[in-house]
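**Student:**
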Amino acid sequence: MRTQSPAAAPATYPAGPDDGMTAVAAVDLVKVYGSGDTAVRALDGVTVGFARAQFTAIMGPSGSGKSTLMHCLAGLDTATSGRALLGGTDLTTQSDKVLTRVRRERIGFVFQSFNLLPQLTAEQNITLPLDLAGKRAETGLFAHLTDVLGIKDRLSHRPSELSGGQQQRVALARALVSRPEVVFADEPTGNLDSRSGAEVLSFLSSSVRDLGQTIVMVTHDPAAAAYADRVVLLADGKVAGDLDRPSHAEIADALQRLGARR
Ligand SMILES: Nc1ncnc2c1ncn2[C@@H]1O[C@H](COP(=O)(O)OP(=O)(O)OP(=O)(O)O)[C@@H](O)[C@H]1O
């Protein structure tokens, strides 16, 4: 394990978050749910950048703010203060209408529960974000993704006719086919057996190498996080660690130390 690689975005920004290497970033991000005595400070001044063409896992104890951070960076939730930057766009100052377009056109999502539309075929699910944006897939990308993901002969099937692993592979193709600036994956292997989960993680990691995709994944599973180039640890709404290409054992150890600190 190294503490810093040349490709890794620094946790703070000597050159500023618009340094051209950073796909998405939080700058002193604060999120408070509720008010008065019942207020919860889910994010307590998080500053972290996620480099282009890198696979980062976000980990931390339950309630540490992982989902809140991802939701603020994806324009699904609004921060209380600070900045959530996607490329040069500060999501915290955008209207709901702009945020809807940003989510549809600039971000790919992969969820634990697949979130495919049941009435559409696999192919229609994959092309839906492009269809909504009135765009076509980059030449060859649809064929490449469906080939690599092994779903070419399943394209006319509906989700109910596919296994969980196949459904998640359809969701991966949907997330990547528009070449989004970042793919956010929320526990993408949470509903899969270990073999299907390993296939999904291998694909995510190869899409960084082969397509230059930027991926940010929230996970509880150290084995899943070990596929990432970098692991950012959260605790109590703050960044509590930043590991460069850690092994499974190093991740498990860091999580244990965080748990013991509480
Ligand atoms: N809508 C909400 N209203 C009030 N409090 C919330 C809300 N969403 C999250 N929280 C609180 O904010 C804190 C951070 O929650 P968050 O879901 O981001 O953590 P997490 O690290 O993703 O947790 P887990 O691993 O259990 O999914 C927790 O204390 C949680 O109870």
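Numbering of the sequence shown is given in UniProt numbering, commencing with residue 1 and proceeding in unit increments. Positions of the beta carbon are idealized from the N, C-alpha and C atoms, including for glycine.
Assuming the contact rule is C-beta atoms closer than 8 Å, residue 229 and residue 56 should be a hit. Round their C-beta distance to whole Å, please.
**Tutor:** Yes, they are in contact, since the Cβ atoms of residue 229 and residue 56 sit about 7 Å apart, within 8 Å.
**Student:** Is the separation between the beta-carbon of residue 118 and that of residue 61 shorter than 9 Å?
**Tutor:** No, they are not a contact pair.
**Student:** In or out: residue 33 buried (at least 16 other Cβ within 10 Å) or exposed?
**Tutor:** Residue 33 is exposed by the Cβ-count criterion.
**Student:** Mark residue 20 as exposed unless 16 or more other C-beta atoms lie within 10 angstroms of its C-beta, in which case mark it buried.
**Tutor:** That one is exposed.
**Student:** By a C-beta neighbour count over all protein chains shown, 10 Å radius and 16 as the cutoff for buried, is residue 177 buried or exposed?
**Tutor:** Label assigned to residue 177: buried.
**Student:** Quick one: which unbroken alpha helix (DSSP H) runs of 4-plus residues sit fully inside the segment 210-258? Chain order, please.
**Tutor:** Correct list: 222-225.
**Student:** Between 208, 166 and 164, which lies nearest to residue 182 when the distance is taken from Cα to Cα?
**Tutor:** Among 208, 166 and 164, the Cα nearest to that of residue 182 is on 208.
**Student:** Could you check which residue in 249, 216 and 240 has the C-alpha nearest to that of residue 52?
**Tutor:** Nearest of 249, 216 and 240 to residue 52, Cα basis: 216.
**Student:** Nearer than 8 Å: is that true of the beta carbon of residue 68 relative to any heavy atom of ligand 1?
**Tutor:** Flag set: Cβ of residue 68 near ligand 1.
**Student:** Given a cut-off of 9 Å, decide if residue 145 and residue 173 are closer than it, judged by their beta-carbon atoms.
**Tutor:** Yes, these two residues count as a Cβ contact at 9 Å.
**Student:** By how many angstroms is the C-alpha of residue 150 removed from the C-alpha of residue 115?
**Tutor:** For residue 115 and residue 150, the distance between alpha carbons rounds to 19 Å.
**Student:** Measuring only between beta-carbons, confirm whether residue 82 sits less than 9 Å from chain D.
**Tutor:** Looking for chain D here will not work: only one protein chain is present.
**Student:** Since residue 152 is in the beta strand (DSSP E), which residue starts that stretch and which ends it?
**Tutor:** It is not in any beta strand (DSSP E) - residue 152 carries neither H nor E in the DSSP assignment.
**Student:** I'd like to know whether the C-beta atoms of residue 195 and residue 165 end up nearer to each other than 9 Å.
**Tutor:** The answer is yes: Cβ separation under 9 Å.
**Student:** Closest to residue 23 by C-alpha separation, out of 219, 54, 81 and 245, would be which residue?
**Tutor:** Checking every option, the nearest Cα to that of residue 23 belongs to 54.
**Student:** Go ahead and label residue 7 buried or exposed: buried means 16 or more other beta carbons lie within 10 angstroms of its beta carbon, across all protein chains shown.
**Tutor:** Here the model assigns residue 7 a pLDDT of 38, short of 50, so the residue's position is not dependable and the matter cannot be decided.
**Student:** Which class does residue 203 belong to by DSSP, given the choice of helix, strand or coil?
**Tutor:** DSSP places residue 203 in helix when its eight states are reduced to three.
**Student:** Okay, do the segment 249-260 and the segment 76-84 touch, 3+ Cβ pairs below 8 Å being the bar?
**Tutor:** With the cut-off at 8 Å, the segment 249-260 and the segment 76-84 do not touch.
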